[in-house]
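Asker: What follows is a single structure, and I will ask about it in a moment.
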Amino acid sequence: MALIGFRNTHNHMIYVNPAQVLYVSTFEEDVTIIAYAVVDAGGKPVVSHVRGSAELVQHRLGGAAAR
17 MALIGFRNTH NHMIYVNPAQ VLYVSTFEED VTIIAYAVVD AGGKPVVSHV RGSAELVQHR
77 LGGAAAR
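Take the sequence shown: its letter number 2 is residue 18 in the working numbering, and every next letter is one higher.
So, in structure tokens, the structure goes:
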């Protein structure tokens, strides 16, 4: 299991397990939402807002899965 590091919108490092990612989507310019295959108390996927385009985030997550 390779964890991929990203900076969130509060400029803190977070580490993502690509196997747990449900989807990646653009939130606004240079901010991407990563949704996980885990739900919160309301039944919605847990999400992280990270810096970078959706294409960059998908590329980094996809590169880890190929290893």
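Note that beta-carbon positions come from the ideal geometry of N, C-alpha and C, so glycine has one too.
What three-state label does DSSP hand LEU72 in the structure shown?
Answerer: Three-state result, LEU72: helix.
Asker: In three-state terms, what does DSSP make of ALA82?
Answerer: Bear in mind that a pLDDT of 46 at ALA82, under 50, signals an unreliable position, so the number given afterwards is only what the model happens to contain. Correct three-state label for ALA82: helix.
Asker: Rounded to whole angstroms, what's the CA-CA distance from ALA60 to ALA53? Just pull it up for me.
Answerer: In the sequence as presented, Ala is not what sits at residue 60; that position holds Lys. Roughly 10 Å between the two C-alpha positions.
Asker: Any idea which residues DSSP pairs GLU14 with across the strands?
Answerer: Here the chain comprises residues numbered 17 to 83, so residue 14 is not present and cannot be evaluated.
Asker: Taking its Cβ as the centre, do 16 or more other Cβ atoms sit within 10 Å of LEU77, making it buried, or is it exposed?
Answerer: Under this definition LEU77 is a buried residue.
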